[in-house]
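Using the numbering used here, read the sequence shown as starting at 19 and increasing by one per residue.
Working notes, structure below.
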Amino acid sequence: MSTNFSKDSAFNPEDWVSQAEAARIRGVSRQAINRLIQRGKLSVLEVGGYVFVSRSEIENFQPGEPGRPQNSKDER
């Protein structure tokens, strides 16, 4: 998911962080942040070949349950 700004939009650099900074904030690896971006879980802004992640999405991100979903007894 990427974000595009029109010329009239105000860009506030404090609202965006690098992937490395996002990883530091969340306490995960940069690769983990990249996987979330690839899955469309985080909005990004690409500027001059650099990828920035929405700070608010990083701070408010709620990870899902790890692993494969279990089948209920009714589905067996």
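Note that CB positions come from ideal geometry on N, CA and C, so glycine has one too.
Of the listed residues the options, nearest to residue i (C-alpha basis)
{"i": "arginine 48", "options": "Pro31, Gly66, Val71", "result": "Val71"}
{"i": "glycine 67", "options": "Asp33, Gln37, Glu32, Leu60", "result": "Gln37"}
{"i": "glycine 45", "options": "Arg86, Pro84, Phe79", "result": "Phe79"}
{"i": "proline 31", "options": "Asn89, Gly85, Pro87, Val69", "result": "Val69"}
{"i": "alanine 41", "options": "Arg73, Glu64, Arg86", "result": "Arg73"}
{"i": "proline 81", "options": "Ala50, Glu64, Val35, Asn89", "result": "Ala50"}
Chain-order list of residues whose beta-carbon lies under 6 Å from that of residue i (same chain, five-residue window excluded)
{"i": "arginine 53", "result": "none"}
{"i": "isoleucine 55", "result": "Val62"}
Beta-carbon proximity of residue i to residue j, cut-off 8 Å
{"i": "serine 61", "j": "glutamate 75", "result": "yes"}
Cutoff 7 Å; reference residue i; Cβ partners in own chain excluding five residues on either side
{"i": "asparagine 22", "result": "Confidence is the limiting factor: at asparagine 22 the pLDDT is only 48, short of 50, which leaves the residue's position unreliable, though a coordinate-based value still follows. Within the same chain, asparagine 22 has no close Cβ partners at all."}
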